[in-house]
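>
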Amino acid sequence: MGYQVLVVEDDNFLRTVYATKLTKAGFTIEIATDGIEALELLKTFIPDIILLDLIMPRKDGFSTLEDIKKQENLRNIPVIITSNLGQQEEIDRVMAMGATDFITKSNLSLNDLIDKINETVASK
Numbered sequence: 311m312g313y314q315v316l317v318v319e320d321d322n323f324l325r326t327v328y329a330t331k332l333t334k335a336g337f338t339i340e341i342a343t344d345g346i347e348a349l350e351l352l353k354t355f356i357p358d359i360i361l362l363d364l365i366m367p368r369k370d371g372f373s374t375l376e377d378i379k380k381q382e383n384l385r386n387i388p389v390i391i392t393s394n395l396g397q398q399e400e401i402d403r404v405m406a407m408g409a410t411d412f413i414t415k416s417n418l419s420l421n422d423l424i425d426k427i428n429e430t431v432a433s434k
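The working numbering numbers the first residue of the sequence shown as 311 and each following residue consecutively.
1. Kindly identify the DSSP beta-bridge partner or partners of L352.
2. What separation, rounded to the nearest whole angstrom, lies between the Cα atoms of Q398 and V404?
3. Return the CA-CA distance between G440 and V327, expressed in angstroms with no decimal places.
4. Residue ranges of each beta strand (DSSP E) run of no fewer than 3 residues wholly in the segment 322-404, ordered along the chain?
5. Could you give the DSSP three-state label for D411: helix, strand or coil?
6. Please classify T330 as buried or exposed, where buried requires at least 16 other C-beta atoms within 10 Å of its C-beta.
7. Please name the residue in L324, A432, I424 and N383 whose C-alpha comes closest to that of M483.
8. Buried or exposed for E382, going by 16 or more other Cβ atoms inside 10 Å?
9. Taking L316 as part of the alpha helix (DSSP H), name the residues at either end of that continuous run.
10. With V315 and F337 assumed to form a contact (beta carbons below 8 angstroms), what rounded beta-carbon distance in angstroms separates them?
11. When the distance is taken between beta carbons, is G345 closer than 8 angstroms to S373?
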């Protein structure tokens, strides 16, 4: 336990829920509200895993994922996409771009998310 997690989410309610639940589960959390903030944070904070929303203002999850995978020091960090899109086309696109997993927010149980983070980081 005790992994470092970067949560990139523009929805204030979801950010709060993720941060509360993940912190209680023993994770260290940093939060960004869009891709620009996330890339700034990643200059000083190297997480064990990134939870990345796709639809955000200023810089969306697709281009943020692309930028993360281009950088040598960030390339191997697992990225779990959390989105309401959930169309097979989007899932295939982000998986091809290097995402580790895709979770549809409407189907998301926070306990399952914690299990997924632990499994993903433990297996990297």
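Cβ atoms here follow ideal geometry from the backbone N, Cα and C, with glycine treated the same way.
If we stick to the structure as given:
1. Working through the sequence shown from its first residue, we reach residue 352 at position 42. For L352, which the question treats as bridged, DSSP gives no partner whatsoever.
2. Looking up residue 398 in the sequence shown gives position 88. Looking up residue 404 in the sequence shown gives position 94. Cα to Cα, the separation comes out at about 10 angstroms.
3. Coverage of the chain is limited to positions 311 through 434, which leaves residue 440 absent and any answer about it impossible.
4. The DSSP assignment places 338-342, 359-363 and 389-393 as complete runs of the beta strand (DSSP E) inside the segment 322-404, in order along the chain (cut-off: 3 residues).
5. Here the question's residue 411 lines up with position 101 in the sequence shown. Looking at D411 - three-state DSSP - the assignment turns out to be strand.
6. Position 20 of the sequence shown, counting from 1, holds the residue named residue 330. Classification of T330: exposed, given that the 10 Å Cβ count is below 16.
7. The chain is shown from 311 up to 434; residue 483 falls before or after that span and cannot be answered.
8. Here residue 382 corresponds to residue number 72 of the sequence shown, with the count starting at 1. By the 10 Å Cβ count, E382 comes out exposed.
9. The residue you call residue 316 lines up with position 6 of the sequence shown. Here L316 belongs to no alpha helix (DSSP H); instead the beta strand (DSSP E) covers Q314 to V318.
10. Against the sequence shown, residue 315 aligns to sequence position 5. Against the sequence shown, residue 337 aligns to sequence position 27. With a beta-carbon spacing of about 5 angstroms, V315 and F337 fall inside the 8 angstroms limit used to define contacts.
11. Taking the sequence shown and counting its residues from 1, the one referred to as residue 373 is at position 63. Taking the sequence shown and counting its residues from 1, the one referred to as residue 345 is at position 35. Yes, the Cβ-Cβ distance between S373 and G345 is below 8 angstroms.
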